[in-house]
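Order-wise, the sequence lines are chains W and Z. Residues 0 to 234 (numbering that gives the first Met the number 0) make up the first sequence, in order. Residues 0 to 234 (numbering that gives the first Met the number 0) make up the second sequence, in order. Each residue gets a CB set at the ideal place from its N, CA and C atoms; glycine is no exception. To start, the structure itself, in structure tokens.
Protein chains: 2
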Amino acid sequence: MDHLHRCQLCAVRKLAVCGAMSDEQLNRLNEIAHYKKYAAGQTIISSDQPVTLFANIVSGTIKLTKVTVDGREQIVGLLFASDFLGRTFGRTNRYFAMAATDVELCIFPSDAFERLIATFPDLKQCLFERTLDDLDAARDWMLLLGRKSAAERVASFLLLLACRFARSPQQAGAQFDMPLKRADMADYLGLTVETVSRQMTRLKATGIIEIKGTRGIKLFSMARLADAAGQSPGD
Amino acid sequence: MDHLHRCQLCAVRKLAVCGAMSDEQLNRLNEIAHYKKYAAGQTIISSDQPVTLFANIVSGTIKLTKVTVDGREQIVGLLFASDFLGRTFGRTNRYFAMAATDVELCIFPSDAFERLIATFPDLKQCLFERTLDDLDAARDWMLLLGRKSAAERVASFLLLLACRFARSPQQAGAQFDMPLKRADMADYLGLTVETVSRQMTRLKATGIIEIKGTRGIKLFSMARLADAAGQSPGD
DNA sequence: GACGAGGTTTGATCCAGGTCAAGCCCGCTG
DNA sequence: CAGCGGGCTTGACCTGGATCAAACCTCGTC
Numbered sequence: 000m001d002h003l004h005r006c007q008l009c010a011v012r013k014l015a016v017c018g019a020m021s022d023e024q025l026n027r028l029n030e031i032a033h034y035k036k037y038a039a040g041q042t043i044i045s046s047d048q049p050v051t052l053f054a055n056i057v058s059g060t061i062k063l064t065k066v067t068v069d070g071r072e073q074i075v076g077l078l079f080a081s082d083f084l085g086r087t088f089g090r091t092n093r094y095f096a097m098a099a100t101d102v103e104l105c106i107f108p109s110d111a112f113e114r115l116i117a118t119f120p121d122l123k124q125c126l127f128e129r130t131l132d133d134l135d136a137a138r139d140w141m142l143l144l145g146r147k148s149a150a151e152r153v154a155s156f157l158l159l160l161a162c163r164f165a166r167s168p169q170q171a172g173a174q175f176d177m178p179l180k181r182a183d184m185a186d187y188l189g190l191t192v193e194t195v196s197r198q199m200t201r202l203k204a205t206g207i208i209e210i211k212g213t214r215g216i217k218l219f220s221m222a223r224l225a226d227a228a229g230q231s232p233g234d
Numbered sequence: 000m001d002h003l004h005r006c007q008l009c010a011v012r013k014l015a016v017c018g019a020m021s022d023e024q025l026n027r028l029n030e031i032a033h034y035k036k037y038a039a040g041q042t043i044i045s046s047d048q049p050v051t052l053f054a055n056i057v058s059g060t061i062k063l064t065k066v067t068v069d070g071r072e073q074i075v076g077l078l079f080a081s082d083f084l085g086r087t088f089g090r091t092n093r094y095f096a097m098a099a100t101d102v103e104l105c106i107f108p109s110d111a112f113e114r115l116i117a118t119f120p121d122l123k124q125c126l127f128e129r130t131l132d133d134l135d136a137a138r139d140w141m142l143l144l145g146r147k148s149a150a151e152r153v154a155s156f157l158l159l160l161a162c163r164f165a166r167s168p169q170q171a172g173a174q175f176d177m178p179l180k181r182a183d184m185a186d187y188l189g190l191t192v193e194t195v196s197r198q199m200t201r202l203k204a205t206g207i208i209e210i211k212g213t214r215g216i217k218l219f220s221m222a223r224l225a226d227a228a229g230q231s232p233g234d
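Set out below in structure tokens:
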């Protein structure tokens with residue numbers, strides 16, 4: 000079995016976990032799925048277009064963005080490996096989905112997928128729970144965008160990534176690769192590239208993080224980072 | 000039948016629409032419901048507390064807020080008459096719910112309500128759709144908080160209220176009562192009271208709105224307001 | 001009808017972060 | 001290995017909105 004096919008099966012299995020499906024159903028699911036790659040920067044879903052896909056992210060990072068009429072951009076969500084992408088119930092998209100890095104997707108055609116949801120209540124429940132998580136995340140971010148300083152925003156973002164990526168998030172010395180370039184960080188944090196860059200060097204200067212190349216991040220102290228982020232360590 | 004009881008029945012009916020219930024079930028629903036008033040400023044739900052209520056808003060405005068450790072506040076959602084309040088699936092609350100004006104609620108105890116959801120898939124679907132709407136609204140607001148100027152934020156907010164409250168939202172001359180005081184507007188828009196006040200007088204000066212007392216708002220031109228909000232009139 | 005207390009407006013000043021403009025770094029290609 | 005382009009950093013300057021400080025307005029209450 001080639002790599003491509005294995006990845007697809009893996010994504011299908013992951014999805015199937017929610018729905019408690021039989022082997023036969025799992026096979027049927029695998030039949031309708033297909034595997035696709037996107038290069039960094041490519042648009043996967045356009046705003047105001049009817050939704051035609053539902054996908055499981057195999058690898059890479061996807062940014063969900065909104066833009067004003069005059070072109071100012073805001074990232075309203077990030078999706079990483081193992082996250083789902085798509086809008087259920089035939090709604091048109093309210094944002095763009097773009098590959099922030101190279102991305103591999105396992106795609107389920109939307110009509111077949113909607114039928115699947117109708118058949119498996121557990122799957123629907125799973126999606127509901129995910130939506131509630133997304134809502135909580137969006138509201139957390141509203142506090143950040145509305146009330147936090149540039150320094151706190153950058154620290155909060157690093158903390159978010161650390162919790163998501165680092166193998167031992169509680170430990171000092173956690174490290175990971177920054178999945179976004181500076182411009183995307185700025186669009187996520189409601190800042191400019193220059194401010195993001197300055198805050199990163201400031202964090203480096205104060206000895207809270209180390210930066211290797213431009214993407215490698217090493218955290219010296221989780222507690223101090225949480226402190227800089229202006230939130231209790233538990234959040 | 001007294002006013003109080005009539006309001007409760009009305010709220011129960013509204014809820015029942017989603018679930019396509021029988022009369023007998025509707026009665027049972029009515030039995031578990033009770034009616035309660037909150038004065039402006041009162042806390043209805045505290046952050047990090049287990050959720051103990053699910054309610055239909057009969058009248059008034061509720062603000063959902065988050066606060067930083069040092070007390071900066073951000074409103075992450077507003078609820079008006081006929082909206083639902085509550086968190087399903089036994090999650091603890093991530094924010095405060097406070098009465099922004101005097102509020103009347105029709106409350107369903109959470110355990111009974113969760114059982115009800117389990118029984119009526121339509122009701123669950125209805126809540127799911129509402130959550131998706133909330134998520135869209137939150138993401139719209141992220142664009143506002145991250146990328147819009149003070150003038151655009153205030154205009155956007157007025158536009159939002161106009162669409163929700165004015166009897167003929169498309170027409171010029173639409174008018175409504177501002178449900179929030181300036182401090183709450185500031186907390187919703189990620190600004191300070193002073194800036195909100197200045198932008199309101201600016202909108203008045205440019206002849207886009209008229210302000211009667213401090214709460215009465217009259218819109219002279221929906222199109223110019225949408226323009227000031229930095230968005231296409233359709234949004 | 002004087003008196004507070006909360007809410008709102010207005011003015012003067014300040015500063016965090018935006019803007020503009022180089023320069024740097026690094027991988028890619030000819 | 002020179003030249004190029006995209007991304008990142010750094011510096012100098014500017015400005016929109018925050019901050020600080022009055023005044024003002026509108027009520028309910030004595």
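Under the three-state DSSP convention, the category residue i falls into
i                      : result
residue 58 of chain W  : strand
residue 190 of chain Z : coil
residue 179 of chain Z : coil
residue 207 of chain Z : coil
residue 51 of chain W  : coil
residue 200 of chain Z : helix
residue 95 of chain Z  : strand
residue 164 of chain W : helix
residue 11 of chain Z  : helix
residue 68 of chain W  : coil
residue 24 of chain W  : helix
residue 229 of chain W : coil
Residue i: CB within 7 Å of a non-hydrogen atom of the ligand ADP
i                     : result
residue 96 of chain Z : By its list of ligands, the structure shown contains no ligand whatsoever, and the ligand ADP lies outside what it can speak to.
Proximity of residue i and residue j at Cβ, strictly below 8 Å
i                      : j                      : result
residue 47 of chain W  : residue 92 of chain W  : yes
residue 41 of chain Z  : residue 186 of chain Z : no
residue 131 of chain Z : residue 122 of chain Z : no
residue 141 of chain Z : residue 141 of chain W : yes
residue 95 of chain Z  : residue 64 of chain Z  : yes
residue 210 of chain W : residue 219 of chain W : no
residue 98 of chain Z  : residue 43 of chain Z  : yes
residue 38 of chain W  : residue 104 of chain W : no
residue 253 of chain W : residue 68 of chain Z  : No answer is possible for residue 253 of chain W: it lies beyond the span of chain W, which begins at 0 and ends at 234.
residue 225 of chain Z : residue 157 of chain Z : no
residue 20 of chain W  : residue 119 of chain W : yes
Separation of residue j from residue i, as counted between CA atoms
i                      : j                      : result
residue 129 of chain Z : residue 108 of chain W : 24 Å
residue 203 of chain Z : residue 155 of chain Z : 15 Å
residue 236 of chain Z : residue 33 of chain Z  : The structure shown does not extend to residue 236 of chain Z, since chain Z spans only 0 to 234, so no value can be given for it.
residue 85 of chain Z  : residue 81 of chain W  : 29 Å
residue 153 of chain W : residue 188 of chain W : 7 Å
residue 49 of chain W  : residue 87 of chain W  : 11 Å
residue 162 of chain Z : residue 57 of chain Z  : 19 Å
residue 160 of chain Z : residue 70 of chain W  : 25 Å
residue 106 of chain W : residue 30 of chain Z  : 47 Å
residue 79 of chain Z  : residue 60 of chain Z  : 5 Å
residue 27 of chain W  : residue 135 of chain Z : 32 Å
residue 110 of chain W : residue 90 of chain Z  : 31 Å
residue 201 of chain W : residue 195 of chain W : 10 Å
residue 52 of chain W  : residue 36 of chain Z  : 46 Å
residue 183 of chain W : residue 143 of chain W : 16 Å
residue 164 of chain W : residue 77 of chain W  : 13 Å
residue 137 of chain Z : residue 192 of chain W : 24 Å
residue 75 of chain W  : residue 102 of chain W : 18 Å
residue 22 of chain Z  : residue 139 of chain Z : 39 Å
residue 199 of chain W : residue 227 of chain W : 12 Å
residue 181 of chain W : residue 173 of chain W : 21 Å
residue 190 of chain W : residue 66 of chain W  : 14 Å
residue 45 of chain W  : residue 25 of chain Z  : 43 Å
residue 9 of chain Z   : residue 124 of chain W : 29 Å
residue 197 of chain W : residue 62 of chain W  : 23 Å
residue 223 of chain W : residue 113 of chain Z : 41 Å
residue 117 of chain W : residue 117 of chain Z : 16 Å
- Task: Quick one: which unbroken beta strand (DSSP E) runs of 3-plus residues sit fully inside the stretch 97-157 of chain W? Chain order, please.
- Result: 102-108
- Give a yes or no on contact between the stretch 147-165 of chain Z and the stretch 132-152 of chain W, applying the rule of three or more CB pairs nearer than 8 Å. no
- Counting Cβ pairs closer than 8 Å, one from the stretch 174-194 of chain W and one from the stretch 211-218 of chain W, do we hit at least three? yes
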